[in-house]
Amino acid sequence: MPNFADVRVSLTEVASLVAPTALTSRPGDDAVYIAEKPGRVRVLRDGTVDPTPVLDVSDLVSTANEQGLLGLAFSVDGTRLYVDYTDTSGDTRVVEYAMEGSKADPGSAREILAVGQPFANHNGGELQTGPDGMLYVALGDGGSAGDPQGNAQNTSTLLGAILRIDPTRGDPYGVPADNPFVGSNDSRGEIWVYGLRNPWRFSFDRGTGDLWIGDVGQDTIEEINRLPAGGEAGANLGWPAFEGSQSFGGGSADGAVGPVFEYDRRNGECAVTGGYVYRGAAIPDLVGAYVYGDFCRGNVDALALDNGAVATQRSLDVDVPSLASFGEGPTGELYALSLDGPVYRIDPA
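Under the numbering used here, the first residue of the sequence shown carries the number -3, and numbering increases by one thereafter.
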């Protein structure tokens, strides 16, 4: 368990972009790649943002409300870029591009996934290449409020779930044979975890493989879920029967897994921004702690577990206005992104 009671961090602004929403690294590359909400991917290398976008799909993207270019990830070998955006009709698209050097080839676009969105909010949008090399895709419950279509507890729809697919096999993707609902006549085989309202964001602990999810609440509770590596397949996180650990919408959520941590909105919070377990070298006392925040309040906090339960939780005493996302660099150092434009690296104070 990390001993971070006295750790002090600072924020170093490394770039200023147009509404940055996601940041990732590419295998074999020391740069970081950043998605901008209007539809561009930028690369930050050696402290400088390349003025030519890695990819520009701004003519394909809707940007109202919670829409936009919301996620990006690279294949295990770094040769393919995956992006998640809402198209001009407001529906989710996950598209693959071949990389040529540090740029994506727009002519290589291959649509991997298309999911209709009944409302303009709760699009999810996170993409992660997991420790197993599979592509994981987050989708919210379809939007509005209270999950009016009952999507999150309905495993016959992809909404309200994190999917696990293999874009290197099949057309346009393969469903791994060990996914929990493979072979079911009533459930989609792509689903890995369900019962989510709007997972913003999720990540894998690069040290343990554990899956961490920040799921945005409805009225009162913001929640963080942690599913140990090897035990996450088929987990039901309870929405909308539960908001966090509290009963919400009635109905049932069979075998619902409760959050590892939750907080209410008494101090101006409005939406959890899920982060990462810190595995960098610059802040030794923070190693093993999960770093996260809240979009409205802008606080950057951390928590540590002992035997699967939260043992320590504290503010790191830095704030990021409009805290849209966290990102992990190639060596495990963390970044915080403000929808207002700045991209910060989290450094020791």
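Virtual Cβ for every residue (Gly too), placed ideally from N, Cα, C.
Model, not experiment: these values are computed from the prediction.
**Asked** Considering only C-alpha positions, which residue in the set Y272, Y190, A278 and N181 is nearest to G205?
**Response** G205 has its Cα closest to that of Y272, out of Y272, Y190, A278 and N181.
**Asked** For S6, does the three-state DSSP call read helix, strand or coil?
**Response** In the displayed model, S6 falls within a strand according to three-state DSSP.
**Item:** Start-to-end residues for the beta strand (DSSP E) that takes in P16
**Value:** P16 -> beta strand (DSSP E) spans P16 to S21.
**Request:** Report back the beta-carbon spacing between P(-2) and D281 to the nearest angstrom; my notes put them in contact at under 8 Å.
**Result:** Going by Cβ atoms, the distance from P(-2) to D281 rounds to 6 Å, so yes, they are a contact pair.
**Asked** Considering only C-alpha positions, which residue in the set R275, G213 and L77 is nearest to F238?
**Response** Here the closest residue by C-alpha is G213.
**Request:** May I ask you to verify whether the segment 124 to 138 touches the segment 186 to 203, counting CB pairs closer than 8 Å and requiring at least 3?
**Result:** Yes, the segment 124 to 138 touches the segment 186 to 203.
**Asked** DSSP puts R222 in a beta bridge; with which residues?
**Response** In the DSSP secondary-structure assignment, R222 is bridged to W208.
**Message:** Between D343, K33 and D73, which has its C-alpha nearest E96's C-alpha?
**Reply:** Selected option, being the one with the closest Cα: D73.
**Prompt:** Is it true that the CB of S311 sits closer than 8 Å to the CB of N295?
**Reply:** One thing to note: N295 has its Cβ within 8 Å of the Cβ of S311.
**Request:** In the DSSP assignment, find the unbroken beta strand (DSSP E) run with V28 in it and report its ends.
**Result:** Residue range V28 to E32 is occupied by the beta strand (DSSP E) that includes V28.
**Prompt:** Considering only residues of the same chain and omitting the five flanking positions on each side of A100, which have a CB-CB separation below 6 Å?
**Reply:** The residues are V50, L51, L77 and Y93.
**Asked** Exposed or buried, what is A15 when buried is set at 16 or more other beta-carbons lying within 10 Å of its beta-carbon?
**Response** A15 is classed as buried because its beta carbon has at least 16 other beta carbons within 10 Å across all chains shown.
**Asked** Does the segment 58 to 73 touch the segment 146 to 154, meaning 3 or more C-beta pairs lie closer than 8 Å?
**Response** Touching, no.
**Request:** Taking 8 Å as the cut-off, decide whether the C-beta atoms of A267 and D290 are in contact.
**Result:** Less than 8 Å divides the Cβ of A267 from the Cβ of D290.
**Message:** Just to confirm my understanding: we take G264, look at its own chain, exclude 5 residues before and 5 after, and list those with CB closer than 7 Å. What are they?
**Reply:** C292 and R293, listed in sequence order.
**Message:** Any contact between the segment 79 to 89 and the segment 39 to 49? By contact I mean 3 or more CB pairs, one from each, below 8 Å.
**Reply:** Contact check between the segment 79 to 89 and the segment 39 to 49: fewer than three CB pairs, one atom from each, fall below 8 Å, which does not count as touching.
**Item:** Cutoff 7 Å; reference Q113; Cβ partners in own chain excluding five residues on either side
**Value:** T82, G86, D87, T88, N119, G138 and G139, listed in sequence order.
**Prompt:** Going along the chain, which residues of its own chain have a beta-carbon closer than 6 Å to the beta-carbon of L109, five neighbours each way excluded?
**Reply:** Contacts found: V90.
**Asked** Near A278, which residues of its chain fall below 7 Å by C-beta distance, leaving aside the five closest residues on each side in sequence?
**Response** Within the same chain, E329, D343 and P344 come within 7 Å of A278 by CB-CB distance, once the 5 residues on both sides are set aside.
**Prompt:** Would a check of beta-carbon distances place V178 closer than 8 Å to chain C?
**Reply:** Given the protein chain composition of this structure (a single chain), no chain C is represented.
**Item:** Supposed close pair W208, A148 - CB separation, criterion 8 Å
**Value:** A148 and W208 do not touch by the CB rule: their CB atoms are close to 19 Å apart, not below 8 Å.
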